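First residue of the sequence shown? That's 16 in the numbering used here, and the numbers climb one at a time after it.
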Amino acid sequence: MKVLIAPNAGFCFGVRRAIDMAQRAASERGRVYSLGPLIHNRQAVEALREQGVEPADELDEVPPSSTVMIRTHGAGPEVYAAIQERGQPLLDSTCPFVMRAHTAASRFHQEGYQVLVLGDREHPESQGIVAHTGGAATIVSDPIEADGLRLGVHVAVVCQTTQRLENLLSLVNRVLPRVQELRVANTICDATAQRQHASESLAVEVDVTIVVGGYHSANTRRLAEICAETGTPTHHIETADELDPAWVSDAGVVGVTAGASTPDEAIRAVAEAIAAIGGPGSEIVTPSDAASEEA
Ligand code: SF4
Numbered sequence: 016m017k018v019l020i021a022p023n024a025g026f027c028f029g030v031r032r033a034i035d036m037a038q039r040a041a042s043e044r045g046r047v048y049s050l051g052p053l054i055h056n057r058q059a060v061e062a063l064r065e066q067g068v069e070p071a072d073e074l075d076e077v078p079p080s081s082t083v084m085i086r087t088h089g090a091g092p093e094v095y096a097a098i099q100e101r102g103q104p105l106l107d108s109t110c111p112f113v114m115r116a117h118t119a120a121s122r123f124h125q126e127g128y129q130v131l132v133l134g135d136r137e138h139p140e141s142q143g144i145v146a147h148t149g150g151a152a153t154i155v156s157d158p159i160e161a162d163g164l165r166l167g168v169h170v171a172v173v174c175q176t177t178q179r180l181e182n183l184l185s186l187v188n189r190v191l192p193r194v195q196e197l198r199v200a201n202t203i204c205d206a207t208a209q210r211q212h213a214s215e216s217l218a219v220e221v222d223v224t225i226v227v228g229g230y231h232s233a234n235t236r237r238l239a240e241i242c243a244e245t246g247t248p249t250h251h252i253e254t255a256d257e258l259d260p261a262w263v264s265d266a267g268v269v270g271v272t273a274g275a276s277t278p279d280e281a282i283r284a285v286a287e288a289i290a291a292i293g294g295p296g297s298e299i300v301t302p303s304d305a306a307s308e309e310a
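See below:
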């Protein structure tokens, strides 16, 4: 059996940067508190906790004078104001791609546009984008929802970084015929698009795809959808022990991909567990192996 690991699987630039910032701050200043788990991966959150990075659900849970960390998803201006009012040190790891969405939404709102945010309604990133319009923007979780919205004359669209380009184009197609002016900020992040394309290409090549990552991770769930849409049987798991041998035992080639918040060790553990099911002679091919074969 061959186990192919997708290029770009695992931590993206934004998550790596946030983890580095948190680890450095914890070692220099003592315990830091992230507002919500730093990444959508239980195992990684536990490992970080042991290193002094503690998730807190609310600002009130953070001890006075401790460092408060804003995670990659970002936060609304009211959160920054509350931290400042309490006089607590701030560590801001908002991903620069998310900041781009904040800036676009805020600018459109100030210029008088009706702002639509294409994104998951419950996701903190979408809610943070809305907060940067003073709560005026409307979240559209599916382009079809736009059909039921009252639209003004001047409309602008911003999207959650993990959205698919097809979704954004579909929203544009639905809104454009109904308005005089439509402005669109393509705030989908490159890391997401690259991971999605690599996973889709992998899924069409293999017999089964295993997607590794937190069940709460929007970008991991999206990867699982994309892989499944290719018609290749696809399973989303968090850890190697959730792997059902029946999924892969008859496969010649198994693809493994992972969301932006999945640690390298978790990906490796899943690939090794699959290879063990395949038995002697199974091999794991990493993106660097594949690149050197092609060179
Ligand atoms: S997926 Fe993109 S936007 Fe989200 S943290 Fe990673 S690099 Fe930033």
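For each residue, glycine too, the CB sits at the ideal point set by N, CA and C.
On a predicted model such as this, the values are computed, not experimentally measured, just so you know.
For residue i, the nearest candidate out of the options (CA to CA)
i           : options               : result
residue 173 : 28, 33, 50 and 117    : 117
residue 249 : 256, 255, 227 and 267 : 227
residue 156 : 39, 141 and 170       : 141
residue 368 : 134, 144 and 148      : Here the chain has residues from 16 to 310 only, and residue 368 is not among them.
residue 148 : 178, 163 and 121      : 121
residue 58  : 299, 280 and 291      : 280
residue 183 : 131, 143 and 146      : 131
residue 43  : 139, 81 and 290       : 81
residue 23  : 232, 221, 239 and 211 : 211
Contact test: residue i Cβ vs the ligand SF4 heavy atom, cutoff 7 Å
i           : result
residue 204 : yes
residue 174 : no
residue 275 : yes
residue 234 : yes
residue 113 : yes
residue 30  : yes
residue 27  : yes
Buried versus exposed, by CB contacts within 10 Å (16 or more), residue i
i           : result
residue 229 : buried
residue 303 : exposed
residue 296 : exposed
residue 93  : exposed
Which of helix, strand or coil DSSP assigns to residue i
i           : result
residue 125 : helix
residue 273 : strand
residue 3   : This structure leaves residue 3 out entirely; the chain is present only between 16 and 310.
residue 69  : strand
residue 221 : coil
residue 235 : helix
residue 242 : helix
residue 26  : coil
residue 49  : strand
residue 197 : strand
residue 292 : helix
residue 186 : helix
Specify whether the stretch 103-123 and the stretch 73-90 touch according to this definition: at least 3 beta carbon pairs, one from each stretch, less than 8 Å apart. With a cut-off of 8 Å, the stretch 73-90 and the stretch 103-123 count as touching, because enough Cβ pairs lie within range.
Using 8 Å as the threshold, is the stretch 212-228 in touch with the stretch 178-197, meaning 3 or more CB pairs across them? No, because fewer than three Cβ pairs between the stretch 212-228 and the stretch 178-197 fall closer than 8 Å, the two stretches do not touch.
Do the stretch 263-271 and the stretch 285-294 make contact, defined as three or more Cβ pairs closer than 8 Å? Yes: the two stretches touch, three or more of their Cβ pairs being nearer than 8 Å.
With contact counted as at least three CB pairs below 8 Å, one residue from each stretch, are the stretch 162-173 and the stretch 193-203 in contact? Yes: at least three Cβ pairs fall under 8 Å.
Does the structure place the stretch 61-75 close enough to the stretch 37-45 that three or more beta carbon pairs sit under 8 Å? Three or more Cβ pairs drawn from the stretch 37-45 and the stretch 61-75 lie within less than 8 Å of each other, which places the two stretches in contact.
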